[in-house]
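Whatever position you read off the sequence shown (first residue = 1), add 2 for my numbering. Ideal Cβ placement from N, Cα and C applies to all residues, glycine included. Every value quoted in this text rests on a predicted model; they were computed, and no experiment measured them. As structure tokens, the structure follows; a few thoughts come after it.
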Amino acid sequence: MSLKSQKSLFEEASQPVARPALRSDSVEEDELRDSVGTLNYFDRKGYRVSNDTYNSLLFKNSTGSMVSIDESPVMIDHLPDSIKLIVDSRPSDQVHDLDYFDGAQYSAFWLITEDEAQTLTDWNSLEFHRQNAIFELFLLLRKFRINLKRMVFHYGPAFKEAKNLTADQEADFQKTFVPLRALYEYLEKLVRKRLKPAFDNHFFVNDRYVLDSLKNWLSKLERDYEYISRSMVYLAKIAANEQFREWIQVTEQTDELALGNNYLASARELFHSYFLQAFAPMRLMVLDLKKLYTKMEDDKLVALAQDIFDLLNKINKISDFTTDLDKKIKLNEKLVCTDYLYLEMVDLFNAKRKLRVPIDINLRTAVSSESAILYLLDNYLLPLVKREHKEASYLLNKPPIALQYLEHTVLEENGEKTLILKDAGNCYTYNVRNERVDAPTLFNNFIKDIPKYKDELFTKLSKAYELKLINGTSFQIPVPYYEYTVPPIEKKELDLVQQALAQSKFKPYSVPPIANTQVLSVDTFRRGSELFFVVGTADGLYMGKHDQPATWKKICSYPDAVKITIMHEDMAFVLLKDKLYKVDTKDIYDCYERNLPCNSRLYQIAKGVNSFEVGPQTIRRGPIVMECDILFYWTDKKIMFSIVTASNGWKLKFESMKPIFKVLGLQLLYPTDFVIKHINENNPIFYLSNLNTMGNTQLNKTDSQRDLKSRVRGQKPIAAFKQPVNDKHTDYDLLLVYSRYCMFVKYSKEQIVTISRTEILRFGFEVQNATYDSCEQILVVCGEQNIEIWKIFKDRQAKSELIGCVIGSQARLLNKTPGKIIIGVMNSEHYAGKGNQLLLHLRKRK
């Protein structure tokens, strides 16, 4: 069905929608109804001619020259032998299946090894970048096409056959799925007839041909995209009711094109947001291409990319009726970031993102003063410097200020107000003055709105998780000094820590502390029905019960109890300074009951130990494969491991492996692997290993991705975690957490490591520690004064979401076991320069 033939369908759709004499209460709906059947595009002269051009493999581009699919951007005969060898060794029939989408990038599609990728980069890094970038653009269009096809051929007919989903289902079908079908048929001409032949069996793709085809397609689409856009928005609106959502979930189960495919949008995304944002990533890709062509000094391609970029801007401007979308698009057009992740952090095009009217300001430092504009969103504050730039007039040259870490004060001198903004997460200070002295009310109202926006944020961040107080009275420590202090949450009812204190029996300072010491680790075990907490501190081990201060006692005087792990309620492993001990929990309990120290009950396993881990691993011993608990401990240059089991009386028989690099840490990845952390020449490295092969595979090798390599340089490798992305646990991501970032990779059976998600999480503070619960899919990251909880979705296309935040100095992850995450923060009330350390259990709200 062609676009032109859709006219009668749109005219039919206009008939039953509303009675001519009546208007609805919705302006948007009235405008949508008025637009039905008025799409001038379908009546234009030349449309049939323009369609006919899609049946030709040659056409004239904007300069009047002839562009062919088979024209290569490189001279094959002039290639070096090493490159010819790579090209000639590719499969002979490498074509794209348009109805199957696996997200394979250029290197994966052409089966390019890491060594071959390096050879291509060394030969011509810009050309290799060009081929990767144009392939990614085609990949995006393929994904757009198959998602549209799902809507047209699966959800559309299912919606038409369903009963009582909306008040006027037939009219709603005509207003939504009919325009989507028109868009699909038009996109099909571009992808199947024009672009697929250009990419099938073409190792070097003619990007000029591809971009000319895309430009022609977009120029025709842009003229009447408003009609299709309104249909998409209306689709999102009718999908908002609960019954419709349930129908989406049921219908998704029979979506054959997407079953088991995590690369495609979820059904919920298709109805709520996907098509509204479909052209946003394309815009970024084209901008990247333009920058590349600038480096290549190809003025014609720069101009062509700019034309496409302008068309995409117009298309993005057309969508309306979503929350502040027009304002967001205008801001996005004017904005340039020194780091593109700054805008990713803000998530500007999130449908729920609120955007307040900005104010013109003057940003002052000790040496400069700059005109700027200040934007307040419901998650970040954006101070944007005004710059005359080729592509943008606003510059975001520092990380956005997360509202939860923002401290603001107002100073008044000689009748002039100065707003002091302190970003405690990134350690920046901004001095802000009103640039429009004739409009003080705007400035004052903006300042008044900051606390309101913060309250709304903390309301959202307090809904998913809660804290339960374990002990808030026993351990006291000196109040630390921070150059930048994270401000407390003003409303106590929104503070997770204050909520826990309000629900506890014993408040801080209600009973005297038993020790002036820093808590370093916590674990638990049961005796009968009673749960006991064993706490490692700087001056020894303590033990007691939940929220019962009188039960807490010191049970060991050995100092620096850095880490404690209790296995199966029976055996405790304790790291005291650099000595590793084991002790039976029966002995701990006996000493606790008899008020005796358990020093003599501790059995030393090793000394000179940096740290240890213990947990299940699957190992092979000859023909036998078995799952058992393994204890690892390590020094700078050596890793020791032993099977741990009660069946032999907890006797340990250590074996060793000697890495050729300095070991910073080790983490277990169930069932067979573990990760070793290392830093080499200021580059953080995660090595994947297992006890069966003893080999090391670098997970974050980014030689061919310079942006990633430069981004993580100087960072610390904090932690690595395993995230299943399907219910059968046959596919998974590895989360690599650094001081400021979290990246996602996947590891294939062929031992190939690839980026699994385009998303890179950038944290608004320095991460000190992290843990991950794969069952609840939450990443918990800890700074010096805060802890954040992030929801990591199985859907690789879904953006991670901040769902919880704990504020408090001396923040610690004291137990990182999933389901038993225990944190420590200092109470906000201080006396005589000291404060109580609060031990809290993090758990999901019931």
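Quick one, are the C-beta atoms of residue i and residue j less than 8 Å apart?
| i | j | result |
| --- | --- | --- |
| A374 | V387 | yes |
| F311 | K292 | yes |
| L496 | F460 | yes |
| Q425 | I403 | The displayed chain sequence assigns Asp, not Gln, to residue 425. Going by C-beta atoms, D425 is nearer than 8 Å to I403. |
| L378 | I491 | no |
| Q619 | L693 | yes |
| L100 | R194 | yes |
| V434 | L376 | yes |
| E468 | R845 | yes |
| I824 | I472 | yes |
| N208 | I71 | yes |
| P719 | P673 | no |
| F175 | H98 | no |
| L167 | W249 | yes |
| V627 | M569 | no |
| N318 | R285 | yes |
Reducing DSSP to helix, strand and coil, say where residue i ends up.
| i | result |
| --- | --- |
| L701 | coil |
| V638 | Note that residue 638 is Asp in the sequence shown, not Val. Three-state DSSP puts D638 in coil, outside helix and strand. |
| N315 | helix |
| G158 | helix |
| F137 | helix |
| C558 | strand |
| H843 | strand |
| L666 | coil |
| L376 | strand |
| C744 | strand |
| N446 | helix |
| C600 | coil |
| V434 | strand |
| Q619 | strand |
| I516 | coil |
| I78 | helix |
| T65 | Any reading at T65 must be qualified, since the residue scores a pLDDT of 46, below 50, and its modelled position is unreliable; no value is offered. |
| V212 | helix |
| T123 | helix |
Leaving out five residues before and five after residue i in sequence, what residues of the same chain have Cβ atoms less than 6 Å from its Cβ?
| i | result |
| --- | --- |
| L604 | Y583 and V585 |
| L654 | S644 |
| I85 | W125 |
| R528 | E571 |
| A280 | F146 |
Can you grab the Cα-Cα spacing for the pair residue i / residue j, in whole Å?
| i | j | result |
| --- | --- | --- |
| D214 | C784 | 49 Å |
| I1 | M287 | As displayed, the chain neither begins before 3 nor continues past 848, which places residue 1 out of reach and without an answer. |
| L701 | Q120 | 17 Å |
| H548 | P480 | 24 Å |
| P75 | L306 | 15 Å |
| K162 | R144 | 26 Å |
| S559 | M696 | 39 Å |
| A110 | V89 | 14 Å |
| G810 | E615 | 28 Å |
| G667 | H680 | 7 Å |
| I621 | A772 | 27 Å |
| N203 | P93 | 8 Å |
| V677 | L690 | 5 Å |
Residues in the same chain with beta-carbon distance under 8 Å from residue i, minus the five sequence neighbours each way, listed in chain order, please.
| i | result |
| --- | --- |
| V412 | K419, T420, L421, I422 and I449 |
| T65 | Because the pLDDT of T65 is 46, which lies under 50, any placement of that residue in the model is unreliable, and the number read from its coordinates should be weighed accordingly. Counting only Cβ-Cβ distances below 8 Å, and skipping sequence neighbours, we find K302. |
| V747 | L701, N702, D735, L736, L738, V755, T756, I757 and S758 |
| G158 | F175, F179, L182 and R183 |
| Y186 | R147, L150, K151, M153 and V154 |
| G835 | P480 and V481 |
| R847 | K465, A466, Y467 and E468 |
So is the beta-carbon of residue i under 7 Å away from any non-hydrogen atom of the ligand GTP?
| i | result |
| --- | --- |
| D425 | Ligands in the displayed structure: none, and consequently the ligand GTP is not present. |
Looking only at its own chain, which residues have a Cβ that is under 7 Å from the Cβ of residue i, when we skip the five neighbours before and after it?
| i | result |
| --- | --- |
| G427 | A404, Y407, G766 and F767 |
| F103 | R144, K145, I148, N263, Y265 and L266 |
| K793 | Q779, I780, S802, E803 and I805 |
Next item on the list: Could you pull out every unbroken beta strand (DSSP E) segment of at least 3 residues lying fully inside the segment 474-514, listed in chain order?
Entry: 477-480
Check: What runs of the beta strand (DSSP E), each 3 residues or longer, lie entirely inside the segment 259-317?
Finding: none
Margin query: For a minimum of 3 consecutive residues, which ranges assigned as the beta strand (DSSP E) are wholly contained in the segment 757-832?
Written below: 771-775, 780-784, 788-793, 803-809, 814-817 and 824-828
Margin query: Threshold first: 4 residues or longer. Then list the alpha helix (DSSP H) segments lying entirely within the segment 708-733, N to C.
Written below: 708-714
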